[in-house]
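Novice: Going left to right, the sequence shown walks through residues 79 to 233 as the numbering used here numbers them.
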Amino acid sequence: MTISIRNWLCGFALAGAAALSAASWAMGPPQGMEHDPARMLAHITKQLDLSAEQQASVESLLTAARQAGAADRQRMQELRSQLKGMRDNFDATQARKVADEIGQITGRMVYQASETWSQVYQLLDAGQKAELDSLMSQREERRARRRDGGDKPAQ
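#1: Taking only three categories from DSSP, how would you classify G181?
#2: DSSP on D150, reduced to helix/strand/coil?
#3: How big is the Cα-Cα spacing for G163 and Q172?
#4: Whole angstroms are fine: how far does the CA of V188 sit from the CA of T194?
#5: Evaluate A120 with the Cβ neighbour count: other Cβ atoms within 10 Å of its Cβ, from every protein chain shown; 16 or more gives buried, anything less gives exposed.
#6: Hey, how far is the Cα of K175 from the Cα of Q182?
#7: Can you grab the Cα-Cα spacing for the pair E218 / E209, in whole Å?
#8: Is DSSP giving E164 helix, strand or coil here?
#9: Does the beta-carbon of A143 have 16 or more other beta-carbons within 10 angstroms, so that it is buried, or is it exposed?
#10: Give the straight-line distance between the Cα atoms of R224 and M214, rounded to the nearest whole angstrom.
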């Protein structure tokens, strides 16, 4: 009997943590934490030593992707505001609809980002691809350390 109660309590705690995590994500990044395409382009140009032609092609790809995703980003802001507004008067049916739409939009955004980075990757030579792979691996390691309570991002 005590084992089943303990299991139930652990399950409830995990479900609560997952719900809080999802709600936090749905509210979006803090002001000023959005991606800056110009900064990203400058960074990869420097890190990968892109030629002028590669830089122009990457800039074109990033601009096209940003324009293609503008409506989705705007809609996500609206949906996040709706969820945030439900704190005092939660409507489960409406919250489910909003969450489902967020899922659809997120799927499109993830696909778009994957497609764009694949196109960028195709522009690189073998050495640049290896350097990009190394940079991405380092980035994932930093994210993992932050998730585990290690390094904190600069404020």
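Beta carbons are placed, not taken as given, at the ideal position from N, Cα and C, and that holds for glycine. Since the structure is predicted, the reported quantities are computational estimates derived from the model, not experimental observations.
Specialist: Reading off the structure:
#1: Per DSSP, reduced to three states, the secondary structure at G181 is helical.
#2: Note: D150 maps to helix in three-state DSSP.
#3: Looking at the two C-alpha atoms, the distance is approximately 11 Å.
#4: Rounded to whole angstroms, T194 to V188 spans 10 Å at the Cα level.
#5: By the neighbour-count rule (16 or more Cβ atoms within 10 Å), A120 is not buried but exposed.
#6: About 11 Å.
#7: One C-alpha to the other measures close to 14 Å.
#8: The sequence given here places Met at residue 164; Glu does not occur at that position. It is coil, neither helix nor strand.
#9: That one is buried.
#10: Roughly 15 Å separates the two Cα atoms.
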